[in-house]
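Before any comments, here is the structure.
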Amino acid sequence: MTNATAERPLHSVSVAGIVVREDGRVLVIRRADNGAWEPPGGILERDERPEEGVRREVAEETGIAVEVERLTGVYKNLALGVIALVFRCRPVGGVEQLSDESTAVRWLKPDEAESAMREVFAVRVADALDREAPHVRSHDGVRLLSA
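Using the working numbering, read the sequence shown as starting at 47 and increasing by one per residue.
The following block contains the structure:
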């Protein structure tokens, strides 16, 4: 490994699904590790495609099977070096259930979901409901950073 390679920061890639029902409600979980409300998601496996990762993570954390509709945003946590790919999804089956990673699974109105979440996750819901092109945003783990 050269010095240039050794000095490169490591990044991880995560995926999340903003799952929207026909009635407009959004699927959210309360995380088991920190009690925060967030869209379901997690780290993308090295050998899986982003859409596959979203389907896997949502099903693992909520019991809900989804169809991925479109990419709605790319978010970088500058403090941790995590790049999140967020997709709008629609439910196609399954039943809500808890997992080792979730202590609650709920379908909330968009404004309820956004008010329950920290800013960096609430914006992902708002962006997924927006019909504009995918959004690209950076944050420090708590707050969005202006461009």
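Virtual Cβ for every residue (Gly too), placed ideally from N, Cα, C.
Please read these numbers as outputs of a predicted model, since none were measured by experiment.
Residue closest to residue i, alpha-carbon to alpha-carbon, out of the options
| i | options | result |
| --- | --- | --- |
| Val6 | Arg95, Glu158 and Glu84 | Limits of the chain in this structure are 47 at one end and 193 at the other, which puts residue 6 out of reach. |
| Thr108 | Gly187, Val65 and Pro180 | Val65 |
| Asp146 | Leu131, Leu56, Asn80 and Ala111 | Asn80 |
| Arg152 | Ala111, Arg164, Gly139 and Arg76 | Arg76 |
| Gly87 | Arg102, Ala78, Asp157 and Asp186 | Arg102 |
| Ile110 | Val72, Ala130, Glu142 and Glu160 | Glu142 |
Under the three-state DSSP convention, the category residue i falls into
| i | result |
| --- | --- |
| Ala105 | helix |
| Pro86 | coil |
| Gly70 | coil |
| Arg183 | strand |
Contact check, residue i vs residue j, beta carbons under 8 Å
| i | j | result |
| --- | --- | --- |
| Gly63 | Phe133 | yes |
| Ala182 | Val120 | Checking the displayed sequence, the identity of residue 182 turns out to be Val instead of Ala. Yes; because the gap between Cβ atoms is below 8 Å, this pair is in contact. |
| Pro156 | Thr118 | no |
Burial state of residue i (16 or more Cβ within 10 Å)
| i | result |
| --- | --- |
| Ser148 | buried |
| His57 | exposed |
Supposed close pair residue i, residue j - CB separation, criterion 8 Å
| i | j | result |
| --- | --- | --- |
| Arg136 | Glu115 | 6 Å |
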